[in-house]
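Everything on this sheet refers to the single structure shown next.
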Amino acid sequence: MKNILLLIAAATLMAGCGHDNHRRDRDRDHNGIPDRYERNRDSDGDGVPDRYDRRPYDPRKN
């Protein structure tokens with residue numbers, strides 16, 4: 003009886019680990035950086051975040 007309960011407990015713990023891993027990776031972008039950091043990124047250094055910049059990778063600063 004103890005062995006069955008231990009097996010059930012181990013299976014429950016293992017099932018929870020897979021769900022946690024999926025949840026952690028869900029908010030990541032394709033390059034592995036969380037979206038909250040990508041949103042405010044300024045690639046060309048002109049002071050305008052990439053999400054508002056018309057040319058985010060233009061090295062010329064205004």
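According to the numbering used here, the sequence shown holds residues 3 to 64 in order. Where is the CB? At the ideal position from N, CA and C, for every residue including glycine. Treat the numbers as computed from the prediction; the structure is a model and nothing was measured.
Between D46 and Y59, the C-beta spacing is below 8 angstroms.
Within the model, the alpha-carbon separation for N5 versus T14 is close to 14 angstroms. In this structure, the straight-line span from the alpha carbon of A11 to that of M3 is close to 12 angstroms.
Take D52, set aside five residues on each side of it, and the residues of its chain with a beta-carbon closer than 7 angstroms to its own are R43, D44, S45, P58, in chain order.
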